[in-house]
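Each residue of the sequence shown is one higher than the one before, starting from 624 at the first, in my numbering.
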Amino acid sequence: MLYTKKEAEQWLGMTVFEMWVHIISILLFTVLVALKVENIWPVSWWTVFIPLFTGVGMIAYFSVIVFIRLFLEHDFKTAGFRVLWSALLLTLIFLFEYLLCQKLAADSIPQGHYSQVMSPLFVLPIVLGIRACVSSN
Numbered sequence: 624m625l626y627t628k629k630e631a632e633q634w635l636g637m638t639v640f641e642m643w644v645h646i647i648s649i650l651l652f653t654v655l656v657a658l659k660v661e662n663i664w665p666v667s668w669w670t671v672f673i674p675l676f677t678g679v680g681m682i683a684y685f686s687v688i689v690f691i692r693l694f695l696e697h698d699f700k701t702a703g704f705r706v707l708w709s710a711l712l713l714t715l716i717f718l719f720e721y722l723l724c725q726k727l728a729a730d731s732i733p734q735g736h737y738s739q740v741m742s743p744l745f746v747l748p749i750v751l752g753i754r755a756c757v758s759s760n
């Protein structure tokens, strides 16, 4: 089932610009992972994850700009809700990316389990489900 643009914006709490930034950063990350895994470009995992970290940083910057604009328009409730929602999503996404990169970079020294790395992704669908239920009213 495909969702409309309006439904995706409402359920994810993101604008189309934010979705495109995520898509482009994931695409660049995928290319860099392929190059690293095939030993075409021997770099560290931290270098491979730069597009993902940059994407999250750009969206955080965009969210701050939107917060300031909404605040200046005296739409305090929307501004507060939007900045808290963006901060929660970006924190979960960044935490997952950071833990995964840390786990992959330390292949010789085992640090924790992958369940610890995936724990932000376990929380993300729950948070999105709550948002979907609240926004459908």
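All C-beta atoms, glycine included, are put in the ideal place defined by N, C-alpha and C. Predicted model only: the values in this text are computed from it and were never measured.
| Inter-stretch contact (C-beta, 8 Å, three-pair minimum) for the segment 679-695 and the segment 625-644 | By the criterion of at least three beta-carbon pairs nearer than 8 Å, the segment 679-695 is in contact with the segment 625-644.
| Option nearest residue 726 by Cα separation, candidates 672, 705 and 648 | 672
| Entirely enclosed alpha helix (DSSP H) segments - the segment 668-739, minimum 4 residues | 668-671, 673-695 and 699-728
| query | Between the C-alpha atoms of residue 762 and residue 747, what's the straight-line distance to the nearest angstrom? | reply | With the chain covering 624 to 760 only, the question about residue 762 has no answer from this structure.
| task | Compare the Cα-Cα distances from residue 738 to each of 753, 719 and 751 and report the closest residue. | result | 719
| Cα separation between residue 754 and residue 709? | 12 Å
| For residue 655, does the count of other Cβ atoms within 10 angstroms reach 16, so buried, or fall short, so exposed? | Answer is buried; the Cβ neighbour count reaches 16.
| message | Once DSSP output is grouped into helix, strand and coil, what is the label at residue 748? | response | helix
| query | What three-state label does DSSP hand residue 643 in the structure shown? | reply | helix
| field | Rounded distance between the beta-carbons of residue 693 and residue 701, thought under 8 Å | value | 5 Å
| field | Extent of the continuous alpha helix (DSSP H) run through residue 634 | value | 628-635
| query | Which value, in whole angstroms, describes the spacing of the CA atoms of residue 657 and residue 730? | reply | 18 Å
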